[in-house]
Amino acid sequence: MILTRTSEVSSAASILLAEQKDKDAKKSFINYQPTISYTKKHMSKKGTLIQDIGEFGLIDRLTKGLTLQSARTLRGVGDDAAVIRVKDNTCMLVTTDMLLEGVHFDLMYAPLKHLGYKSVVASLSDVCAMNALPEHITASIAISSKFYAEAIDELYDGIKQACSYYHVDLVGGDTTSSTKGLVISISAMGVEQKNHIVYRNSAKPGDLICVTGDLGAAYLGLLLLEREKAIFLENPAIQPDLKNHQYLVQRQLKPEARTDMIKLWRQEGFKPTSMIDVSDGLASDLLHICTQSQVGAVIEEDLVPIKEETKLLALDFKIAPITCALSGGEDYELLFTADPKDLEKIKYLPDISIIGEVLPEEKGVHLQTSGKKQVPIIAQGWNHFNRDKTEQ
Ligand code: ADP
Ligand code: MG
Numbered sequence: 025m026i027l028t029r030t031s032e033v034s035s036a037a038s039i040l041l042a043e044q045k046d047k048d049a050k051k052s053f054i055n056y057q058p059t060i061s062y063t064k065k066h067m068s069k070k071g072t073l074i075q076d077i078g079e080f081g082l083i084d085r086l087t088k089g090l091t092l093q094s095a096r097t098l099r100g101v102g103d104d105a106a107v108i109r110v111k112d113n114t115c116m117l118v119t120t121d122m123l124l125e126g127v128h129f130d131l132m133y134a135p136l137k138h139l140g141y142k143s144v145v146a147s148l149s150d151v152c153a154m155n156a157l158p159e160h161i162t163a164s165i166a167i168s169s170k171f172y173a174e175a176i177d178e179l180y181d182g183i184k185q186a187c188s189y190y191h192v193d194l195v196g197g198d199t200t201s202s203t204k205g206l207v208i209s210i211s212a213m214g215v216e217q218k219n220h221i222v223y224r225n226s227a228k229p230g231d232l233i234c235v236t237g238d239l240g241a242a243y244l245g246l247l248l249l250e251r252e253k254a255i256f257l258e259n260p261a262i263q264p265d266l267k268n269h270q271y272l273v274q275r276q277l278k279p280e281a282r283t284d285m286i287k288l289w290r291q292e293g294f295k296p297t298s299m300i301d302v303s304d305g306l307a308s309d310l311l312h313i314c315t316q317s318q319v320g321a322v323i324e325e326d327l328v329p330i331k332e333e334t335k336l337l338a339l340d341f342k343i344a345p346i347t348c349a350l351s352g353g354e355d356y357e358l359l360f361t362a363d364p365k366d367l368e369k370i371k372y373l374p375d376i377s378i379i380g381e382v383l384p385e386e387k388g389v390h391l392q393t394s395g396k397k398q399v400p401i402i403a404q405g406w407n408h409f410n411r412d413k414t415e416q
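Take the sequence shown: its letters are residues 25 to 416, numbered as in the working numbering.
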């Protein structure tokens with residue numbers, strides 16, 4: 025057949041090119057000759073150290089050039105959850121999170137039951153960040169065979185408690201052995217109408233910047249637990265007395281996902297213009313919204329919700345309270361932007377603070393300090409690769 029239309033010609037050419045690429049890729053697997061050396065494969069190549077590009081640099085690098093193969097994929101990599109069209113206007117949200125012993129948790133002070141609960145919450149929170157409600161999870165664990173089954177029962181008690189509290193079903197997972205500590209990976213799924221879904225990339229100049237709950241407490245809970253661990257290691261006869269800091273410790277060990285907000289907003293007919301959950305810290309997560317929406321922003325230090333208890337302890341640790349909110353992470357609150365015409369609605373909704381305004385991109389992203397200075401916001405969220413203490 026003679027192809028006459030240019031689009032047909034170019035699509036035929038691109039199919040041929042893709043086929044050739046597939047053939048080349050297959051050949052590189054088939055012709056591979058294994059070698060064994062003392063230098064492990066991941067250390068033998070010169071190039072970019074992961075610690076120099078960080079988590080987000082690495083994700084960008086790995087996912088660059090991915091071409092979507094399914095017309096059902098409405099959003100792939102880049103938001104809190106992927107959005108997959110199931111039927112007509114019904115979409116499925118899918119997200120996954122992995123927690124590693126020694127990187128994300130420390131079994132010297134994290135009870136397994138709390139850990140199970142928190143692992144589920146971390147994934148449910150990502151579905152909430154899309155303005156959707158989670159319905160299903162899968163749970164995968166990698167575990168040393170030296171663990172007692174009773175310990176894993178406890179982990180699963182926590183997972184089951186989270187399932188029951190948030191009305192989600194655990195529908196599967198995977199179990200395997202680990203030679204280097206406990207690994208927990210939870211995937212969460214939800215189903216939502218396409219027009220309800222809120223992305224990170226749709227904030228507009230003039231929008232209000234809002235956050236639910238309060239920030240910084242989870243980070244101080246972590247500092248407290250780390251301090252008590254250091255004291256214990258010095259003198260194992262001393263057990264922590266954290267009665268006066270129950271809120272902070274709870275925020276670290278057993279956070280909650282804001283499904284309550286998603287339900288309430290729906291009931292009140294409110295829909296954010298963009299949203300993300302605060303898992304890495306206000307700075308990093310606000311920057312995600314700004315970068316993806318191609319906007320600038322200003323937030324005011326005095327408006328950022330930080331509990332008195334958090335402020336007092338931050339000062340005890342000689343850290344500015346705002347730093348805990350900006351860089352602490354693990355608060356699992358929702359950071360969102362709202363159309364100013366929704367101001368009346370938001371004003372009367374509980375547990376929301378308006379902390380700033382979206383600006384045109386060229387204005388940059390700034391914090392207005394209590395002293396009325398404008399300081400650029402740079403991401404200082406958890407960089408897992410700097411916390412990684414494992415040997416190469
Ligand atoms: P969150 O903090 O909301 O869980 P992340 O920062 O972990 O989100 O991830 C950002 C985006 O990158 C998400 O869309 C996530 O699915 C994707 N992502 C993270 N790691 C990988 C990876 N190794 N391969 C492909 N996509 C990834
Ligand atoms: Mg998230």
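Think of the CB as a built atom: it goes at the ideal place given N, C-alpha and C, for glycine as much as any other residue.
Quantities reported herein were computed from a predicted structural model and do not represent experimental measurements.
Could you tell me whether the Cβ atoms of residue i and residue j are closer together than 9 angstroms?
i	j	result
L206	S169	no
E280	Y180	no
M285	D198	no
A321	G380	yes
D150	S303	yes
L358	P296	yes
V118	A42	no
E354	R290	no
L339	I323	no
D121	S147	yes
H138	L337	no
I54	S143	no
Leaving out five residues before and five after residue i in sequence, what residues of the same chain have Cβ atoms less than 7 angstroms from its Cβ?
i	result
R411	For R411, the predicted model reports a pLDDT of 46, less than 50, meaning its position is unreliable; a value from the coordinates is still stated below. Same-chain partners within the cutoff: V127.
I255	I262
S35	none
L257	none
K369	E292 and F294
Let me know if residue i comes out buried or exposed under the rule of 16 or more other beta-carbons within 10 Å of its beta-carbon.
i	result
R99	buried
F341	exposed
V417	As shown, the chain starts at 25 and ends at 416. That puts residue 417 outside it, with no answer to give.
S394	exposed
W406	Per-residue confidence for W406 stands at a pLDDT of 44, beneath the threshold of 50, marking its modelled position as unreliable; the derived number appears in the next sentence. Per the 10 Å Cβ criterion, buried.
G24	With the chain covering 25 to 416 only, the question about residue 24 has no answer from this structure.
S188	exposed
Y56	exposed
R282	buried
V195	exposed
A163	buried
E325	buried
G89	exposed
Which two residues bound the contiguous beta strand (DSSP E) that contains residue i?
i	result
H390	V389 to Q392
L124	T114 to L124
I378	I376 to P384
Q398	Q398 to P400
S143	Run containing S143: none in the beta strand (DSSP E); it sits in the alpha helix (DSSP H), L136 to C152.
E332	Segment E332 to D340 is the alpha helix (DSSP H) holding E332; no beta strand (DSSP E) there.
I323	V319 to E324
L373	Neither: L373 is in no beta strand (DSSP E) and is coded neither H nor E.
R96	From DSSP, R96 is part of no beta strand (DSSP E); its letter is neither H nor E.
K111	A106 to K111
T200	D193 to S201
Please return the same chain residues whose Cβ sits closer than 6 angstroms to the Cβ of residue i, not counting the five positions on each side in sequence.
i	result
N259	none
A153	D104, M299, I300 and D301
T87	V101
H269	L248
I313	R224, A227, S298 and I300
For the alpha helix (DSSP H) that residue i lies in, which residues bound it at each end?
i	result
S164	S164 -> not in any alpha helix (DSSP H); beta strand (DSSP E) instead, spanning P158 to I167.
A175	A173 to Y190
L86	I74 to T87
A349	P345 to S351
Leaving aside the five residues before and after residue i along the sequence, list all residues of the same chain whose C-beta is less than 8 angstroms from its C-beta, in chain order.
i	result
I115	Residue identity differs from the one stated: residue 115 is Cys in this sequence, not Ile. Only L98, V107, I108, R109, V215, E216, Q217, K218 and I221 meet the Cβ criterion.
S201	A166, I167, S168 and S169
P364	G230, D231 and L232
D48	none
I'd like the ranges of any alpha helix (DSSP H) spanning at least 4 consecutive residues and lying wholly in the region 273–317.
283–292 and 306–317
May I have a chain-ordered list of the beta strand (DSSP E) segments no shorter than 3 residues that lie completely inside the region 216–247?
232–236
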